[in-house]
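Visitor:
Numbering (the working numbering), first residue to last: 8 to 702.
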């Protein structure tokens, strides 16, 4: 059996090994020639078989044991001192080709005197350790060569211990580092509250879709790997059907508001998941929803309404002019907009599925003004929010003055020279219905050929605003023409003529308005004194409504001036005559219509005055002037005769943008009432034969 060399060899005996390295199978007698060495047949030449001793002795042939190193034979004279400082170093520990290593074959090379082998059996015939010295065996040992000594470092040769290298990797949560310490805890912590948008009490803008969306956001905070968000109608919770409660990794969230919900509660907190779950502090706000309407102003190039919006490709953006304004109105109120160059925006409260009326008031460009070609009336009803709600504009010329027009009847002026009839038709802007570029137009039924005839005593007719006489816009008839008739110097159906026809006498008839001359009311009884007509001596003023029924026939003579006024400026139909009725004012002086008689609805065609108005003097339609805001439209229906002239003074211009109304609207308008001819009193319709020399 295998036993240790110490117990195999007796005292005073020497061993020799012949099978494997340090496997001892015989102990030699001290007197034997080979007593100083153990033979080892596996350690061939040229490597020497170094002498070994069996320290405890033993009989020859009884040394049968494995010597695996720890209990093997120790080297004698070949031992040297050495220092092993670091693994892989050589130092002077070269005994039996053994290098200094810390682990593996070769054991721990400590080079301490009398130390024992501490590892398994060496291989290739080399010893597994180095020993500084060993006992001298009995007898005469074979001298051992002395190796070159390894220089000893200065100072004491203290072995350097191997340092412990800490082991830490992300996430750093304060865990053990493997060297009796802890790693950093920089990845551990509860996230602070983020800053959220919209802030508490603020508003969030609903962007145009579809679908319409709202974006809420928050700042990134330390330690947060994700964020819990809660978004729900104010006064509810995440349990509400219209709530949005979830976890996200980004820093914003978009949602579509529910119908009927305009106020929300918004909460956000960060969550740290690196070192377990560490919840942060909630940030919270409440906010309302708002929406915007945006668009662009363009020069019109034939825009049309498509899908409820005006559109046209290739149009040029433009400013809407100086003084322009824009706004929107819905059930919640009116909201002004902001114009920035060629674009605009309007911000208003959001109502899901709601609409608003967007209205533009165009401004001016120098002496000209802008008008809307699309949408008509500069107003458009759209859903809210919305975008590309565009306006297409045309530039209106301000140089046009007020002008007049007669509908369905003829016009006569007895001037024998110069310009007898003048109306400054704005033919370059009066191009679209209902504007008709003509002094005389067809009746309100647009009956073909119903436009009247212009007649003068020989003078010209000027039908445009251009310098010089232009007769191209006299009538809606074609060709353009007018007639030259007799003058009024020989025969006049004036105050004196009709006074005689009504046999009012040579003296002064009884006065039917003596007590109400300053505010005459329509008579309700027959003329006094058995007269066939009503009479007033002196000036007469009408300030309140007269309505003549279809069964009444009233003729009023005024031996003075007649003034017609509407102090309230709200009686569009101040004097009216129903079909079948008749009313005539025959005045020896002038007839004056004050500025308040008219309509501030500039598209109105309801007559302000109806009847037959005959003045020996002048019929004057007065103006309030540009400084007072421009004039109302005047509409007269019937017959208007001023033997000294008809003076039409009205103008829409207020010195600014309102002058553009002259571009396509007559400011005075006269309508023929053919039924007055049929209802004419007998005394005014008595036939006469007129003999007059014509050459």
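C-beta: ideal position from N, C-alpha, C; glycine also. Please read these numbers as outputs of a predicted model, since none were measured by experiment.
Helix or strand or just coil, what does DSSP make of residue 181?
Guide: As a first step, residue 181 must be located in the chain shown, where it is residue number 174. Coil.
Visitor: From residue 367 to residue 384, what does the alpha carbon distance come to, in whole angstroms?
Guide: As a first step, residue 367 is located in the chain shown; it is residue number 360 there, counting from the start. As a first step, residue 384 is located in the chain shown; it is residue number 377 there, counting from the start. Computed Cα separation, rounded: 9 Å.
Visitor: So what's residue 240 in DSSP terms, helix, strand or just coil?
Guide: Here residue 240 refers to the residue found at position 233 when the chain shown is read from its first residue. If DSSP states are grouped into helix, strand and coil, residue 240 belongs with the strands.
Visitor: If I follow the unbroken alpha helix (DSSP H) through residue 690, where does it start and stop?
Guide: Taking the first residue of the chain shown as 1, we reach residue 690 at position 683. Segment 689-692, the alpha helix (DSSP H) holding residue 690.
Visitor: Quick test of the definition: if touching needs 3 or more C-beta pairs under 8 Å, does the stretch 516-523 touch the stretch 538-546?
Guide: A contact exists between the stretch 516-523 and the stretch 538-546.
Visitor: Leaving out the 5 sequence neighbours to the left and right, which residues in its chain are closer than 8 Å to residue 529 when beta-carbon positions are compared?
Guide: Counting from one through the chain shown, the residue named residue 529 turns up at place 522. Excluding sequence neighbours, residue 529 sits near 553, 554, 555, 561.
Visitor: On the DSSP bridge list, what partners appear for residue 190?
Guide: As a working mapping, residue 190 is identified with position 183 in the chain shown. BP columns for residue 190 are empty, so no partner.
Visitor: How would you call residue 317, buried or exposed, if buried means at least 16 neighbouring beta carbons within 10 angstroms?
Guide: As a first step, residue 317 must be located in the chain shown, where it is residue number 310. Looking at its Cβ environment, which holds 16 or more other Cβ atoms inside 10 Å, residue 317 is buried.
Visitor: So, does the stretch 663-674 touch the stretch 430-439, judging by three or more C-beta pairs under 8 Å?
Guide: At 8 Å Cβ cutoff, the stretches touch.
Visitor: Use the C-beta contact count for residue 683: other C-beta atoms within 10 angstroms, 16 or more gives buried, fewer gives exposed.
Guide: By 1-based counting over the chain shown, the position of residue 683 is 676. Result: buried.
Visitor: Taking all protein chains shown into account, decide if residue 76 is buried (16 or more other Cβ within 10 angstroms of its Cβ) or exposed.
Guide: One-based indexing of the chain shown puts residue 76 at position 69. Below a pLDDT of 50, predicted positions are generally treated as unreliable, and residue 76, at 37, falls in that range; the measurement from the model is reported next regardless. Flag for residue 76 reads buried.
Visitor: Determine the burial state of residue 398: buried for a count of at least 16 other Cβ atoms within 10 Å of its Cβ, exposed for fewer.
Guide: On the chain shown, residue 398 is found 391 positions in, with the first residue counted as 1. So residue 398 counts as buried.
Visitor: Considering only C-alpha positions, which residue in the set 273, 343, 206 is nearest to residue 237?
Guide: Here residue 237 is taken as the residue at index 230 of the chain shown, counted from 1. Nearest C-alpha to residue 237: 273.
Visitor: Is there contact here, the stretch 413-429 with the stretch 459-473, by at least three beta-carbon pairs under 8 Å?
Guide: Counting Cβ pairs under 8 Å, three or more are found: they touch.
Visitor: To test your reading of the DSSP string, which unbroken alpha helix (DSSP H) runs of 4 or more residues are found completely within the stretch 541-621?
Guide: Runs found: none.
Visitor: Could you give the DSSP three-state label for residue 298: helix, strand or coil?
Guide: As a working mapping, residue 298 is identified with position 291 in the chain shown. Correct three-state label for residue 298: strand.
Visitor: Beta carbon of residue 234, beta carbon of residue 250: below 8 Å?
Guide: Indexing the chain shown from 1 puts residue 234 at position 227. Indexing the chain shown from 1 puts residue 250 at position 243. Result no, Cβ atoms of residue 234 and residue 250 do not sit closer than 8 Å.
Visitor: Taking the alpha carbon of residue 221 as the reference point, which residue from 241, 262, 602, 182 has its own alpha carbon closest?
Guide: One-based indexing of the chain shown puts residue 221 at position 214. The option with the nearest alpha carbon to residue 221 is 262.
Visitor: Which residue marks the beginning of the alpha helix (DSSP H) containing residue 474, and which one marks its end?
Guide: As a position in the chain shown, residue 474 is number 467, starting the count at 1. It is not in any alpha helix (DSSP H) - residue 474 carries neither H nor E in the DSSP assignment.
Visitor: Quick one: give me the first and last residue of the beta strand (DSSP E) that residue 274 is part of.
Guide: The residue labelled residue 274 in the question sits at position 267 within the chain shown. Segment 270-279, the beta strand (DSSP E) holding residue 274.
Visitor: Could you have a look at residue 15 and say whether DSSP puts it in helix, strand or coil?
Guide: Residue 15 sits at position 8 when you count from the first residue of the chain shown. Residue confidence for residue 15 is low, a pLDDT of 40 falling below 50, so the modelled location carries little weight and cannot support an answer.
Visitor: Which residues in the same chain as residue 448 place their Cβ atom closer than 7 Å to its Cβ, once the five residues preceding and following it in sequence are excluded?
Guide: Position 441 of the chain shown, counted from the start, is the residue given in the question as residue 448. These residues qualify, in order along the chain: 412, 414, 458, 483.
Visitor: Please confirm whether residue 599 and residue 646 have their CB atoms less than 8 Å apart.
Guide: Residue numbering aside, residue 599 sits at position 592 when the chain shown is read from its first letter. Residue numbering aside, residue 646 sits at position 639 when the chain shown is read from its first letter. Contact flag unset, no.
Visitor: Starting from residue 336, follow its DSSP beta bridges and name the residues at the other end.
Guide: Taking the chain shown and counting its residues from 1, one reaches residue 336 at position 329. Answer by DSSP bridge pairing, in chain order: 341, 364.
Visitor: Looking only at its chain, what residues have a beta carbon closer than 8 Å to the beta carbon of residue 466, apart from the 5 residues adjacent to it on each side?
Guide: Stepping through the chain shown from its first residue, residue 466 is reached at position 459. Excluding positions up to five away in sequence, the list reads 420, 422, 423, 424, 425, 426, 427, 428.
Visitor: Suppose only complete runs of 3+ residues qualify. What are the beta strand (DSSP E) ranges in the stretch 304-335, listed by chain order?
Guide: The qualifying runs are 311-313, 316-318.
Visitor: Taking the Cβ atom as the reference point for each residue, do residue 380 and residue 400 lie within a distance shorter than 8 Å?
Guide: In the chain shown, counting from the first residue as 1, residue 380 sits at position 373. In the chain shown, counting from the first residue as 1, residue 400 sits at position 393. Yes, the pair counts as a contact, with Cβ atoms nearer than the cut-off.
Visitor: Going by DSSP, what residue range makes up the beta strand (DSSP E) through residue 419?
Guide: For the purposes of this step, residue 419 is identified with residue 412 of the chain shown, where counting begins at 1. Residue 419 -> beta strand (DSSP E) spans 418-420.
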